[in-house]
Amino acid sequence: MRFLDKLKTKNIQFGVIGLGYVGLPLAVEVAKVGISVTGIEVDKEKVRKVNEGHNYIGDVKDEDLKHVVEKGLLHATLDFSVIRDLDVVSICVPTPLNKLKDPDMSFITSALEKIVDHLHKDLVVILESTTYPGTTREYMLPKLEESNLKCGKDFYLAFSPERVDPGNPVYLTKNTPKVLGGVSPACTEHAQAVYEQIFETIVPVSSAEAAEMAKLLENTFRMINIGLVNELAIMCDRLGVDVWEVIDAAATKPFGFMKFYPGPGLGGHCIPIDPHYLSWKMKTLNYKTKFIDLAAEVNTAMPEYVVHTLIEGLNLHTKALRNSNILILGMAYKNDIDDLRESPAFDVFKLLEEKGATVSYHDPYCPKFSWNGDYVESLPLDKELLNSMDAVVITTAHRSVDYQFVVDHSKLVIDSRNATKGLKNTEGKVLRMGGGRTLDE
Ligand SMILES: NC(=O)c1ccc[n+]([C@@H]2O[C@H](COP(=O)([O-])OP(=O)(O)OC[C@H]3O[C@@H](n4cnc5c(N)ncnc54)[C@H](O)[C@@H]3O)[C@@H](O)[C@H]2O)c1
Numbered sequence: 001m002r003f004l005d006k007l008k009t010k011n012i013q014f015g016v017i018g019l020g021y022v023g024l025p026l027a028v029e030v031a032k033v034g035i036s037v038t039g040i041e042v043d044k045e046k047v048r049k050v051n052e053g054h055n056y057i058g059d060v061k062d063e064d065l066k067h068v069v070e071k072g073l074l075h076a077t078l079d080f081s082v083i084r085d086l087d088v089v090s091i092c093v094p095t096p097l098n099k100l101k102d103p104d105m106s107f108i109t110s111a112l113e114k115i116v117d118h119l120h121k122d123l124v125v126i127l128e129s130t131t132y133p134g135t136t137r138e139y140m141l142p143k144l145e146e147s148n149l150k151c152g153k154d155f156y157l158a159f160s161p162e163r164v165d166p167g168n169p170v171y172l173t174k175n176t177p178k179v180l181g182g183v184s185p186a187c188t189e190h191a192q193a194v195y196e197q198i199f200e201t202i203v204p205v206s207s208a209e210a211a212e213m214a215k216l217l218e219n220t221f222r223m224i225n226i227g228l229v230n231e232l233a234i235m236c237d238r239l240g241v242d243v244w245e246v247i248d249a250a251a252t253k254p255f256g257f258m259k260f261y262p263g264p265g266l267g268g269h270c271i272p273i274d275p276h277y278l279s280w281k282m283k284t285l286n287y288k289t290k291f292i293d294l295a296a297e298v299n300t301a302m303p304e305y306v307v308h309t310l311i312e313g314l315n316l317h318t319k320a321l322r323n324s325n326i327l328i329l330g331m332a333y334k335n336d337i338d339d340l341r342e343s344p345a346f347d348v349f350k351l352l353e354e355k356g357a358t359v360s361y362h363d364p365y366c367p368k369f370s371w372n373g374d375y376v377e378s379l380p381l382d383k384e385l386l387n388s389m390d391a392v393v394i395t396t397a398h399r400s401v402d403y404q405f406v407v408d409h410s411k412l413v414i415d416s417r418n419a420t421k422g423l424k425n426t427e428g429k430v431l432r433m434g435g436g437r438t439l440d441e
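Following the numbering used here, the numbering of the sequence shown begins with 1 at its first residue and continues without gaps.
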């Protein structure tokens, strides 16, 4: 039976390479529509957990994973030879930067090599990992055609970026529109036919490059606007104006404005990294990405600005940072999730240690993290802990934390997230970053 006919009856075998933050939700979503899914992973632990029906990703519902595993619609394996029996394979492996901030393509390359080993007629290959424009056509296509199969005729290749917003209760994998572009019209048609079975809305574009660039536009847009509000926070501190009030006032304009908030820097696996993929690509074409470079400069300096604000707060309390006890409140890169990747709280932690402070942390979602070859554990957020600190630095404003309790029992609070605005008892002890540089009255 031809692929498109098989698809009509959902009688296809779907594969997901990489079962992380992107791959596991995708695999579960595909299984939920009744299509049989095989997750292919290099991490034994993840394979074991999936096969036992144990969830490890916040955006996946425990009962959904358990249900599809029990029904036999999802299983995981370390064995790439299963690709031989698949009709579709989506690649969801990491795309980090190397030490020089250039794309690290090693994960895509290794996944591709395995696909080439088992490539067969009619296989639809869809790349989900974020990457530079041209990856699908210039990098993947030649490697896949080394198999002597012809793209657009014997197999199909497309790019469809994952756009998930971790922790977002409204937009999940299924109802976030899916942009998709193939390296030829036949590739788009095949990939679209598959994804229409799974996602509510497909947005086909004319090429893989347009899809790659759309993803980079989205994340570069966020990164640059965050850089703008971060600089605005610094300006407002000098002007004695509250940036948080300014943003909320500007946001009452019903058109032409979108809110972004300042913070201690960029975090997560996407916003701090993806724009560098575009910069790198443009460098190869002798073009300098000025907006990206400038926003990166402002954003990467924010942890230092948080420390600077803390030094100012301690100074108002006639204290030095050296030998002070500092509690970092919130290590995850954003509120209400446990993802520590690229979190700017680590930069703040490091800078404080370098300046001779004794640093500890509390994060209700992150019980421990490895640090200089050891583990640092989250301390319970009680009166004794807060009393023993010279200052608390709020780096991530998890909603489950009682900030009034924190203010009531702390000597000094540096708030980089506006978590304390409007609370009582803040006089002389709360310094909100971007709040106009006064200890709150
Ligand atoms: N996390 C997000 O919110 C998000 C959002 C949009 C896009 N993305 C993009 O999606 C891609 C994946 O990100 P993620 O957050 O899921 O990463 P992740 O690290 O959570 O998951 C990747 C998984 O791939 C596995 N893996 C690595 N190499 C492999 C290989 N050769 N074969 C099989 N499995 C392999 C890893 O063990 C890991 O489980 C990245 O390109 C990222 O930029 C992520």
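Note that beta-carbon positions come from the ideal geometry of N, C-alpha and C, so glycine has one too.
For residue i, which of helix, strand or coil comes out of DSSP?
i, result
"Cys270", "coil"
"Tyr333", "coil"
"Val88", "strand"
"Asn418", "coil"
"Arg137", "helix"
"Phe159", "strand"
"Glu342", "coil"
"Tyr361", "strand"
"Asn425", "coil"
"Phe461", "Any property of residue 461 remains undetermined from this structure, which presents the chain solely from 1 to 441."
"Gln197", "coil"
"Ile12", "coil"
"Pro177", "coil"
"Phe3", "helix"
"Lys288", "coil"
"Leu412", "coil"
"Ile40", "strand"
"Glu441", "In this predicted model, Glu441 has a pLDDT of only 49, less than 50, meaning its place in the structure is not dependable; the value taken from the coordinates is given anyway. Glu441: coil per DSSP, three-state reduction."
"Tyr403", "helix"
"Asn325", "strand"
"His75", "strand"
"Glu52", "coil"
Rank the options by C-alpha distance to the C-alpha of residue i and give the top, closest one.
i, options, result
"Ala191", "Val33, Leu180 and Phe199", "Leu180"
"Trp244", "Gly435, Lys319, Val205 and Ala295", "Gly435"
"Ser388", "Asn323, Asp237 and Lys44", "Asn323"
"Gly152", "Leu172, Ala296 and Ile126", "Ile126"
"Thr131", "Leu4, Asp59, Pro275 and Val401", "Pro275"
"Ala111", "Ile91, Lys99, Gly167 and Asn98", "Ile91"
"Leu266", "Leu228, Gly422 and Asp248", "Leu228"
"Asp5", "Asp102, Ala193, Leu24 and Trp371", "Ala193"
"Leu100", "Tyr277, Asn425 and Val183", "Tyr277"
"Lys368", "Leu340, Ala391 and Leu351", "Leu340"
"Tyr21", "Ile115, Gly134 and Glu128", "Glu128"
"Gly18", "Met235, Leu78 and Lys288", "Leu78"
Would the beta-carbon of residue i be found less than 7 Å away from any heavy atom of ligand 1?
i, result
"Ala249", "no"
"Glu146", "no"
"Asp102", "no"
"Lys44", "no"
"Glu212", "no"
"His75", "no"
"Arg84", "no"
"Leu239", "no"
"Ala208", "no"
"Arg163", "yes"
"Glu128", "yes"
"Glu41", "yes"
"Thr173", "no"
"Ser461", "In the structure as shown, the chain begins at 1 and stops at 441. Residue 461 is therefore absent and cannot be evaluated."
"Thr38", "no"
"Val22", "yes"
"Val95", "According to the sequence provided, residue 95 is Thr. The question's Val does not apply to it. Result yes, Cβ under 7 Å from ligand 1."
"Pro272", "no"
"Phe199", "no"
"Leu19", "yes"
"His269", "yes"
"Phe107", "yes"
"Phe233", "Sequence inspection shows Ala at residue 233; the Phe mentioned does not correspond to that position. No, the beta carbon of Ala233 sits no closer than 7 Å to any heavy atom of ligand 1."
"Ser81", "no"
Are the C-beta atoms of residue i and some chain B residue less than 8 Å apart?
i, result
"Arg437", "This model lacks chain B altogether, as it is built from one protein chain only."
- Message: With three or more beta-carbon pairs closer than 8 Å as the criterion, would you say the stretch 2 to 19 touches the stretch 85 to 96?
- Response: yes
- Query: Should the stretch 302 to 321 be called in touch with the stretch 385 to 395, which here means at least 3 C-beta pairs below 8 Å?
  - Reply: yes
- Touching by the beta-carbon criterion (3+ pairs, under 8 Å), the stretch 52 to 72 and the stretch 20 to 31: These segments touch.
- Below 8 Å, can you find three or more Cβ-Cβ pairs linking the stretch 402 to 420 to the stretch 205 to 214? no
- Message: I'd like to know if the stretch 421 to 435 and the stretch 338 to 353 are in contact, where contact means that at least 3 CB-CB pairs between them fall below 8 Å.
- Response: no
- Validate contact between the stretch 43 to 52 and the stretch 150 to 165 using beta carbons, cut 8 Å, 3 pairs: no
- Message: Any contact between the stretch 195 to 209 and the stretch 163 to 181? By contact I mean 3 or more CB pairs, one from each, below 8 Å.
- Response: Contact holds: three or more Cβ-Cβ distances are below 8 Å.
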